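Everything below concerns the one structure shown next.
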Amino acid sequence: MSQGEDIGRDAGTQALDSGAAHGATKDEKTVTVVHVMRHGEVHNPTGLLYGRLPGYHLSDLGRRMADRVAEHLESRDITHVVASPLERAQETATPIAKAHGLDVGTDARLIEAGNVFEGKTFGVGDGALRRPENWRHLRNPFRPSWGESYLEQVVRMRTAIESAKDAARGHEAVCVSHQLPIWVLRSFVEHRRLWHDPRRRQCTLASLTSFTFLGDRIVSVGYSEPALDLVPPHLRAGAKQRGGKGAQQRSAGA
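For the sequence shown, the working numbering gives the first residue as 546, with consecutive numbering after it.
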């Protein structure tokens, strides 16, 4: 763990200890749930690492995933829905917001992680890793050197869910984001190192990583997959990867 991560955790711990010392107020007893959802499947026939590129929309299957999660959350006390500005996230959020009579808000802090391989196929065969000029980007997997740092992702994602919690205080919120930012946020909250094997992320398409707040403290983290039966088996959490463009996409954190 880096010094910056230690400082962030120490500051958070001090803040919690300070609140406990003064006794819990009514607001500190309020329960709020923020569901951070990964978008549904994207139409990407060429297998590019699309990253933050515009123009990548949900596939027909991805829309079914979004509808399934909307049905799953229909009975929940959702009062705030917000999404990354990218089309696939906005489209995933739309049926959820509609089911609760809400508009979809946009929060740029929920956007996909920046990546120097954006717009390229990612892999050894005919992908970006075959070209020696790209190897320099792989020098530090702990930061990582090929894109936005893990800690930067944690900072923006944590502030995004704090804003959602404040907007839905006493109720529930949904934030639609992307796999890597969601996973590093969860890893940070659960006190795991941020660098990891991407094949071991527990964050499938259209999954929900749910943060329960008591006042302003996160007291539990839950994970569910309401659309699991719609997710191709090789893309499920813990599944053995098969070769080809789909596997390249997943390894790159799409």
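C-beta: ideal position from N, C-alpha, C; glycine also.
Keep in mind that this is a model prediction, so the values were computed, not measured.
Starting from residue i, follow its DSSP beta bridges and name the residues at the other end.
| i | result |
| --- | --- |
| ILE623 | GLU717 |
| GLY692 | ASN660 |
Can you grab the Cα-Cα spacing for the pair residue i / residue j, in whole Å?
| i | j | result |
| --- | --- | --- |
| THR749 | ALA782 | 6 Å |
| GLY760 | VAL700 | 20 Å |
| ARG746 | HIS617 | 23 Å |
| SER620 | ARG633 | 24 Å |
| VAL581 | ASP711 | 15 Å |
| TYR695 | VAL729 | 7 Å |
| GLY596 | SER769 | 24 Å |
| HIS779 | ILE656 | 25 Å |
| PRO809 | GLU573 | With the chain running from 546 to 799 in the structure shown, residue 809 is simply not present. |
| ASP622 | ALA628 | 18 Å |
| ALA751 | ASP605 | 13 Å |
| HIS567 | ARG654 | Note that HIS567 has pLDDT 45, beneath the 50 cutoff, so the model's placement of it is unreliable and the number below is only indicative. Approximately 32 Å, taken between the alpha carbons. |
| GLY646 | VAL626 | 10 Å |
| ALA804 | HIS588 | This structure leaves residue 804 out entirely; the chain is present only between 546 and 799. |
| THR624 | THR575 | 15 Å |
| VAL649 | ALA784 | 32 Å |
| SER765 | ARG744 | 24 Å |
| ARG731 | ASN660 | 20 Å |
| GLU735 | GLU697 | 17 Å |
| GLN724 | ALA644 | 24 Å |
| LEU594 | PHE758 | 34 Å |
Assuming the contact rule is C-beta atoms closer than 8 Å, residue i and residue j should be a hit. Round their C-beta distance to whole Å, please.
| i | j | result |
| --- | --- | --- |
| ALA733 | VAL579 | This sequence places Phe at residue 733; Ala is not what is there. At roughly 15 Å, the Cβ-Cβ gap does not stay under 8 Å, so PHE733 and VAL579 are not in contact. |
| LEU753 | PRO771 | 7 Å |
| ASP774 | SER708 | About 33 Å separates the two Cβ atoms, so there is no contact after all. |
| GLY592 | GLY607 | Not confirmed; about 16 Å, so no contact. |
| GLY715 | THR577 | 6 Å |
| ARG583 | ILE763 | That pair is no contact at about 19 Å. |
| ALA713 | GLY692 | Incorrect: roughly 30 Å between the Cβ atoms, too far for contact. |
Please confirm if residue i has its CB atom under 8 Å from at least one CB of chain D.
| i | result |
| --- | --- |
| LEU647 | Absent from the structure: chain D. Only one protein chain is present. |
Touch test, the segment 708–725 against the segment 630–647, Cβ-Cβ under 8 Å, three pairs minimum: yes
With contact counted as at least three CB pairs below 8 Å, one residue from each stretch, are the segment 730–744 and the segment 593–612 in contact? no
Can we say the segment 695–712 touches the segment 610–623, given the rule of at least three CB pairs closer than 8 Å? no
Restricting to runs no shorter than 3 residues, where is the beta strand (DSSP E) found entirely within the segment 620–659? 623–628
With a floor of 3 residues, list each beta strand (DSSP E) that falls wholly inside the segment 699–779, ordered by position along the chain. 717–722, 753–759, 762–769
Which parts of the segment 575–629 are runs of the beta strand (DSSP E), unbroken and 3 residues or longer, counting only runs that do not cross its ends? 576–583, 623–628
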